[in-house]
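Scroll down for the structure; my scribbles are underneath it.
Residue numbers (the working numbering): 5 to 139.
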């Protein structure tokens, strides 16, 4: 189900540079926010991370996540998303990582790291534009 309004589609392309502020939940239920690079696939969002990273451990144990997407150069316009993260063990992590690195750095990865892919499926998306309120 399409949740992103058409006039926010530029935030999801690999041609632009928008950033995800991902919130996962710690063992005690408190949130932790991590800025992260991502790519979109259909209605879902893909991220890569080290398999033993804190965010990976958090998403495996507590798959409910939330994030804001902001586009480079315009912090007044953003998407707020709540969703469910699942480890995409069927995806080739190096290919997803290469796609993400090309998006943000403009070239293929120069360093190979052990990565795993998480697919975030949105449950609720809200679009915000506060451009009229900014001087």
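By construction, the Cβ of each residue, glycine as well, lies at the ideal position given by its N, Cα and C atoms. What you are looking at is a predicted structure, and each value in this text was computed from that prediction instead of being measured.
Quiz item: Who are the near neighbours of residue 97 in its chain, counting only those whose CB is closer than 7 Å to its CB and skipping five residues on each side?
Solution: 52, 119, 120, 121.
Practice problem: Compare the Cα-Cα distances from residue 36 to each of 44, 43, 27, 42 and report the closest residue. | Solution: Taking only the C-alpha atoms, the option nearest residue 36 is 27.
Quiz item: What separation, rounded to the nearest whole angstrom, lies between the Cα atoms of residue 134 and residue 22?
Solution: Spanning the two alpha carbons is a distance of roughly 17 Å.
Exercise. Answer with buried or exposed for residue 110, where buried requires no fewer than 16 other C-beta atoms within 10 angstroms of its C-beta.
Key: Classification of residue 110: exposed, given that the 10 Å Cβ count is below 16.
Quiz item: Going by DSSP, what residues sit across from residue 128 in a beta bridge?
Solution: Here residue 128 is bridged, per DSSP, to 86.
Quiz item: For residue 66, which of helix, strand or coil comes out of DSSP?
Solution: Residue state for residue 66 is assigned as coil, using DSSP reduced to three classes.
Quiz item: Tell me the DSSP bridge mates of residue 74?
Solution: For residue 74, which the question treats as bridged, DSSP gives the partners 23, 82.
Quiz item: Do the segment 8-18 and the segment 57-72 touch if we need at least three Cβ pairs shorter than 8 Å?
Solution: As far as the Cβ criterion goes, the segment 8-18 does not touch the segment 57-72, which means the pair count is below three.
Self-check item: Exposure of residue 126, with buried meaning 16 or more beta-carbon neighbours within 10 Å
Solution: Classification for residue 126: buried.
Practice problem: Tell whether a beta-carbon distance below 8 Å holds between residue 84 and residue 132. | Solution: Contact: yes.
Quiz item: Residues bridged to residue 121 by DSSP?
Solution: Looking at the DSSP output, residue 121 bridges to 52.
Exercise. Could you spell out where the beta strand (DSSP E) holding residue 8 opens and where it closes?
Key: Per DSSP, residue 8 belongs to no beta strand (DSSP E) and is neither H nor E.
Exercise. Kindly indicate which residue of 130, 46, 116 has the alpha-carbon position closest to the one of residue 73.
Key: Looking at the Cα atoms, 130 is the closest of the given residues.
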